[in-house]
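So the sequence shown is numbered by the working numbering: it starts at 14 and just counts up by one.
Ideal Cβ positions, reconstructed from N, Cα and C, are used throughout, including at glycine.
Here the structure comes first, spelled out in structure tokens, and everything after it is commentary.
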Amino acid sequence: MNPYIDITLRSIAVYFFMIIALRIFGKKELSQLNTADVILILLISNSVQNAMVGADTSLYGGMIAAFSLFLINFIFKKVMLKSKFIKRLVQDKPEILIHNGKTEFKTLARLGITSEELEEAMREHGIEYYKDVKLAMFEIDGNISIISGNENLKQTHHKRKIHKTLGELNN
């Protein structure tokens, strides 16, 4: 077999493996990367490199692998736009965290979101009390969006943050 076709097929296989792994381990992992998650991503990228390019460490081999990943990602996104089945298979649906001031504790527990994280998102949206939240959603991209019941407060968007950085580990 042509070594570049081999690199292409290996890269596509690794891509789909990563899609499945991210689906299994959840969307929270994408939006809130702590130090351990960053290290995991770095180690995964190192471990799958050889699976994609094999013994070929040439510039051309690396470019073929990268091009294959970009191409399969482009095609896969197009397929997800056209196929509701594939989209449901790969993406989670948004989850309700608070509805009309009532917190969904089972959902929070299942998603691994602490009350402190939810309260932080509320504060960043300018909301002090749970009863003031009309709707809080854990979105498909891992962010928390909140709509308040108070017309004076506008809808805002909360991006979950990294709690520790690599620099903090070195200190």
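What does the alpha-carbon distance come out to for the pair residue i and residue j?
{"i": "I109", "j": "D145", "result": "15 Å"}
{"i": "L82", "j": "M31", "result": "11 Å"}
{"i": "E130", "j": "I160", "result": "16 Å"}
{"i": "T116", "j": "S158", "result": "14 Å"}
{"i": "L22", "j": "A79", "result": "12 Å"}
{"i": "R101", "j": "L72", "result": "37 Å"}
{"i": "F29", "j": "L35", "result": "10 Å"}
{"i": "K119", "j": "I111", "result": "11 Å"}
{"i": "K97", "j": "F89", "result": "13 Å"}
{"i": "I54", "j": "F151", "result": "23 Å"}
{"i": "I18", "j": "N156", "result": "38 Å"}
{"i": "L121", "j": "E133", "result": "14 Å"}
{"i": "F87", "j": "G74", "result": "20 Å"}
{"i": "G162", "j": "I57", "result": "43 Å"}
{"i": "M93", "j": "N15", "result": "30 Å"}
{"i": "F136", "j": "A149", "result": "Reading the sequence as shown, one finds Arg at residue 136 and not Phe. Straight-line Cα distance between these residues: approximately 13 Å."}
{"i": "S60", "j": "I52", "result": "12 Å"}
My output table needs one value for residue i: the three-state DSSP class, helix, strand or coil.
{"i": "E108", "result": "strand"}
{"i": "P16", "result": "helix"}
{"i": "A134", "result": "helix"}
{"i": "T120", "result": "helix"}
{"i": "A68", "result": "coil"}
{"i": "I126", "result": "coil"}
{"i": "I140", "result": "coil"}
{"i": "S9", "result": "Since the first residue of the chain shown is 14 and the last is 184, residue 9 is not available in this structure."}
{"i": "E81", "result": "In the sequence on display, residue 81 carries Ser and not Glu. The answer is helix: DSSP assigns S81 an H, G or I state."}
{"i": "S96", "result": "coil"}
I'd like to check one pair, residue j with residue i: are the Cβ atoms closer than 8 Å?
{"i": "D69", "j": "I33", "result": "no"}
{"i": "I153", "j": "K106", "result": "yes"}
{"i": "I77", "j": "I25", "result": "no"}
{"i": "N113", "j": "K91", "result": "no"}
Based on the DSSP secondary-structure assignment, which residues constitute the bridge partners of residue i?
{"i": "I52", "result": "According to DSSP, I52 bridges with nothing at all."}
{"i": "K115", "result": "H112"}
{"i": "F151", "result": "E108 and I157"}
{"i": "V146", "result": "S161"}
Touching or not, the stretch 64-77 and the stretch 115-128, by the rule of three or more beta carbon pairs under 8 Å?
-> no
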